[in-house]
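Quick note on numbering: the sequence shown equals residues -22 to -1, 1 to 508 in mature numbering (1 follows the signal peptide of the UniProt record, and there is no 0).
Backbone N, C-alpha and C fix where the C-beta goes; we use that ideal spot for every residue, glycine too.
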Amino acid sequence: MTTFKKLTIFVFLSICLSSSRANNTHDDFLECLSHKIMNSNSTSQVIYTPNNSSYSTLYNSFSSNLRITSDFKPSIIFTPNDESQIQAAIYCSKKHGLQIRIRGGGHDYEGLSYISETPFVIIDLRNLRSISIDTEDKTAWIQAGATLGEVYYRIAEKSQKLAFVAGVCPTVGVGGHFSGGGYGMMSRKFGTAADNIIDAKLIDANGLILDRKSMGEDLFWAIRGGGGTSFGLIISWKVKLLDIPEKVTVFNVTRTLEQNATQLVYKWQHIADKVDDNLLLRLFLKSSESPIRRGQRTIYAFFTTMFIGGVDELLHEMQDSFPELGLVKEDCIEMSWIESTLFFSGFPRGTSLDVLLHLNNSATNQEYYFKGKSDYVQRPISVNGLEGIWKLFNQVGENSAELQFSPYGGKLSDISESETPFPHRDENIFMIHYAVFWGGMENSQSNIAWIRKLYGYMARYVSKSPRCAYFNYRDLDLGVNNKGNTSYEQARVWGVKYFKNNFDRLVKIKTKIDPTNFFRNEQSIPPLLS
């Protein structure tokens, strides 16, 4: 027999044995989990395998981003109803060597909550979404499978004078969002979601349920901005609710290049982090057809704003800090805080609040291809720099790209970099979120190349050493872990960009709480290798 034939047979047998081992692992895990759960009726309602008719529907509901693909699908999707079932899944996955991925809202930009390159199981927290509000104590316990929309609705259901600070997308799950920071339209007043967490429950790699007291302050620190899935499986958060007036004021004012948008954006950079803490002036930038010069494109700047207070007070503040925008009372709308969550989600006035309870990732049945990135700006971008961005906008499809400038300052600057793992504090004027959307796999390469080109152009205008990024806008371009054991040096490449000097402390905590690296993915904090 020739060497080539021997090699061919060896490779074939290796593939067969690998497939056989994977199938055996799957069957062993399934038997273990079914035995641990015991109740056969319960088992049929929470375990989904490719043999189930509903498996594909459930898996396809995890994300609308068609860019995220993998050769592997989970051998099992597990939707536990309680903590004991999660403990069983962790025990069985450790025993039989299956990776787990933890899915909350499914908004991970790189799909790390629902894809893997090795055999794995998804623990989907969709059934763990209870929300308990204590208006007297001004606190809430929120299970990790709840969405932001559900949280906002349940708070407002109990009180019109309490709120919580977190993101604007109502379908985002709180498990991952809170653990990565959680910036929102009131962050200049109240900080991030993570800044307002006062207790938590998680299940560690040994299957133990820990609260703040039993986990200790180091681990409690780590999960408030360091990404919870590196350290365990977050079951629930206890948060501090925030006092707000019965009415807030919002506006969304648009200006184009023909309306002096370049100078307005330039001026915005000088005041956005310095205005009254109750005011958050967010800025969205897009390129589309000019309303004046038909057939030609222009830049649209959308000044999307929330003020925690009344319209007259807002107008006074805007006249003092940003008169160039030309804001008038007719641009502004007074509404309740809960109504503002619908406004910033893009719902028309008068939409029922009940929509916050019934949204999911596939609610609009819209599927698309998407890539996102992020940056932090510490000195205003020059007019020439802005005009360079406008030119790059013209190199991608109309309305297919968006830049979002989110201002810092206020409470965000009052908290030290080391208070939580979320380190983006007083040195920053604003955060940039880059996004590009497209249709068709055949357009993926050109659109991804475009956003990387834009990111390269922006290097001269953003933070350096490290060039920082926001963990909740996950970006595998920054670096990835090995499939096996990841070294500290390798993980540090991407880790310092998200966490700066806090990365070293996170690694030490990971080494103590999960030395075997049971909870891992392509961008999870690794333990120090012995």
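Endpoints, the beta strand (DSSP E) within which ARG260 is located: 257 to 267
6 Å CB neighbourhood of ASN499 in its chain, flanking five on each side removed: LEU90
Bounding residues of the alpha helix (DSSP H) (the contiguous stretch that carries LEU180): Segment 175 to 181 is the beta strand (DSSP E) holding LEU180; no alpha helix (DSSP H) there.
Backbone secondary structure at GLY123 - three-state DSSP: coil
Beta-carbon separation (whole angstroms), LEU220 vs ALA141, contact threshold 8 Å: 5 Å
Assigned exposure category for ALA427 - 16 Cβ within 10 Å defines buried: exposed
LYS116, DSSP secondary structure in three states: coil
Separation of MET296 from PHE229, as counted between CA atoms: 12 Å
Spatially closest choice to ALA134 from GLY145, ASP112, PHE497, GLY123, by CA coordinates: The candidate whose alpha carbon is nearest that of ALA134 is ASP112.
ARG483: CB within 7 Å of a non-hydrogen atom of the ligand NAP: Within the structure as shown, the ligand NAP is missing, as the structure has no ligands at all.
With 16 other Cβ atoms within 10 Å as the buried cut-off, status of THR342: Only weak support exists for where THR342 lies, its pLDDT of 44 falling under 50; the coordinates are left without a value.
Reduced DSSP secondary structure (H/G/I, E/B, other) of PRO505: coil
Short Cβ contact (8 Å threshold) for LYS488 with ILE503: yes
The segment 145 to 156 / the segment 430 to 446 touching (three or more Cβ pairs under 8 Å): Touching, no, given that fewer than three Cβ pairs across the two stretches are closer than 8 Å.
Boundaries (first-last residue) of the beta strand (DSSP E) holding GLU312: For GLU312, the enclosing beta strand (DSSP E) has its first and last residue at 310 to 313.
Neighbourhood of GLN356 by C-beta, 7 Å cutoff - its chain only, sequence neighbours within 5 removed: GLU405, ASN406, ILE407, SER441
Inter-residue spacing [alpha-carbon to alpha-carbon] between SER32 and ALA183: Their Cα atoms are separated by approximately 30 Å.
Burial state of HIS13, where buried means 16 or more other Cβ atoms lie within 10 Å: exposed
Contained beta strand (DSSP E) runs [length at least 3] in the segment 402 to 464, N- to C-terminal order: 408 to 416
Contact under 8 Å by Cβ, PHE497 with GLY84: no
Own chain residues within Cβ distance below 7 Å of SER137, not counting five before or after: THR113
Length at least 4, wholly inside the segment 173 to 237: the alpha helix (DSSP H) runs in chain order: Runs of alpha helix (DSSP H) with 4 or more residues, each lying fully within the segment 173 to 237, are found at 190 to 193, 195 to 200, listed in chain order.
Span separating the alpha-carbon of PHE371 from that of HIS411: 14 Å
From ASP60, ALA250, ALA239, GLY169, residue whose alpha carbon lies closest to that of VAL361: ALA239
LYS475 (DSSP reduced to helix, strand or coil): Correct three-state label for LYS475: helix.
Which residues DSSP lists as bridging ASN43, in chain order: When beta bridges are read from the DSSP output, ASN43 appears opposite TYR346.
Cα-Cα separation, GLY127 to TRP119: 15 Å
Residue range of the alpha helix (DSSP H) that includes GLU61: Here the alpha helix (DSSP H) through GLU61 covers 61 to 74.
Rounded C-alpha distance that separates TYR130 from GLY457: 35 Å
Inter-residue spacing [alpha-carbon to alpha-carbon] between TYR386 and ARG403: CA-to-CA, the gap between TYR386 and ARG403 works out to about 8 Å.
Reduced DSSP category for SER18 - H, G, I as helix; E, B as strand; rest coil: Reliability fails at SER18, whose pLDDT of 46 lies under 50, so the model's placement of it is uncertain and the value that follows must be treated cautiously. Residue state, collapsed to three classes: helix.
Check whether MET163 and MET313 have beta carbons under 8 Å apart: Between MET163 and MET313, the gap from beta carbon to beta carbon reaches 8 Å or more.
Cα-Cα separation, ILE181 to PHE98: 18 Å
For LEU337, three-class secondary structure by DSSP: coil
Proximity below 8 Å, CB of GLY82 to CB of ASN105: no
Which listed residue (ASP455, PRO28, LEU11) has its alpha carbon closest to that of GLN501: Measuring from the Cα of GLN501, the nearest candidate turns out to be ASP455.
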